[in-house]
Amino acid sequence: MEKNVLGFSRLGDVEGSEIPGIYFNFLRDRRLAELKSIFQHNAIDLLSLVSISIKAWRAFSSADGSNDILFDRKGVISSLESLKLFELAAKRCETFTASAKDGRRNYFLLKQSMNLKKAGKIGSAAELWSKMITNGYGFTPDAYIELAKYYEHKLHDYEAALACVNKLERRIALNRELGNDPVDDFLLLDLPLRKNRIMGKMSKRAYGKH
Numbered sequence: 103m104e105k106n107v108l109g110f111s112r113l114g115d116v117e118g119s120e121i122p123g124i125y126f127n128f129l130r131d132r133r134l135a136e137l138k139s140i141f142q143h144n145a146i147d148l149l150s151l152v153s154i155s156i157k158a159w160r161a162f163s164s165a166d167g168s169n170d171i172l173f174d175r176k177g178v179i180s181s182l183e184s185l186k187l188f189e190l191a192a193k194r195c196e197t198f199t200a201s202a203k204d205g206r207r208n209y210f211l212l213k214q215s216m217n218l219k220k221a222g223k224i225g226s227a228a229e230l231w232s233k234m235i236t237n238g239y240g241f242t243p244d245a246y247i248e249l250a251k252y253y254e255h256k257l258h259d260y261e262a263a264l265a266c267v268n269k270l271e272r273r274i275a276l277n278r279e280l281g282n283d284p285v286d287d288f289l290l291l292d293l294p295l296r297k298n299r300i301m302g303k304m305s306k307r308a309y310g311k312h
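Letter by letter, the sequence shown follows residues 103 to 312 of our numbering.
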């Protein structure tokens, strides 16, 4: 964490695993000099903890989105999610989206939508998924899938769900022709299964009307 967050590595510092042995040697020999490395280690620990706390405070307190460090922003969101503060995480994502560069906007929009979904605000999440599909800030396959799931399972609008899947398939095919935005194998395996399930529900509904 010190290297990733504070940008420094300890040089010549005693390993934490060695401290018990050094302390037991002191108890046996009563030589205070042996404790010097432990005191130095603990002093660095304290300074590191204070520095990390200050950076964390700055990251969490930048409610206006002025903190443009992506690492800090992702950390803030992950921390709120781990505390199950989904609505607060969604609000912070909204703030970050407003000031994010184009390539990052859909990342925060997707995070916002998933936190809204977890908070029970599925309708608001669906609006964001629709926005991600059309906003031109990048290809986000999860937005298509989540919107299809919303239509299929929440609204039981199978035609709209199928349209989302078909649109995603067309986008994947286009990207392949252009050599852009590769998708993972799981998605490629999932789409036909999802499509067949939706079409099966459509057929079952149509059959039930006769």
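All C-beta atoms in this analysis are idealised placements derived from N, C-alpha and C, irrespective of residue type, glycine included.
Closer than 8 Å: residue i CB and nearest the ligand PLP heavy atom
i	result
E117	The ligand PLP is absent from the structure shown, which contains no ligand whatsoever.
C-beta atoms of residue i and residue j nearer than 9 Å
i	j	result
D244	L212	yes
V267	L293	yes
R194	F241	no
Y125	I146	no
M304	E261	yes
I247	L280	no
E104	S111	yes
Y252	R207	no
Q214	A192	yes
Same chain, Cβ closer than 7 Å to residue i, neighbours up to 5 away in sequence not counted
i	result
L289	P243
M301	L264
G167	In this predicted model, G167 has a pLDDT of only 49, less than 50, meaning its place in the structure is not dependable enough to derive any value.
E117	none
N237	none
Beta-carbon proximity list for residue i, same chain, < 8 Å, skipping 5 on both sides
i	result
L134	F128
Range of the contiguous alpha helix (DSSP H) that encloses residue i
i	result
F126	121–131
P294	287–310
E189	188–201
Y252	Segment: none, Y252 is in no alpha helix (DSSP H) and carries neither H nor E.
Among the options, the one whose alpha carbon lies nearest that of residue i
i	options	result
F188	R175, K176, A221, D174	A221
R299	G310, R132, E254	E254
Residues near residue i in its chain [Cβ-Cβ closer than 6 Å; skip 5 each side]
i	result
K297	V267
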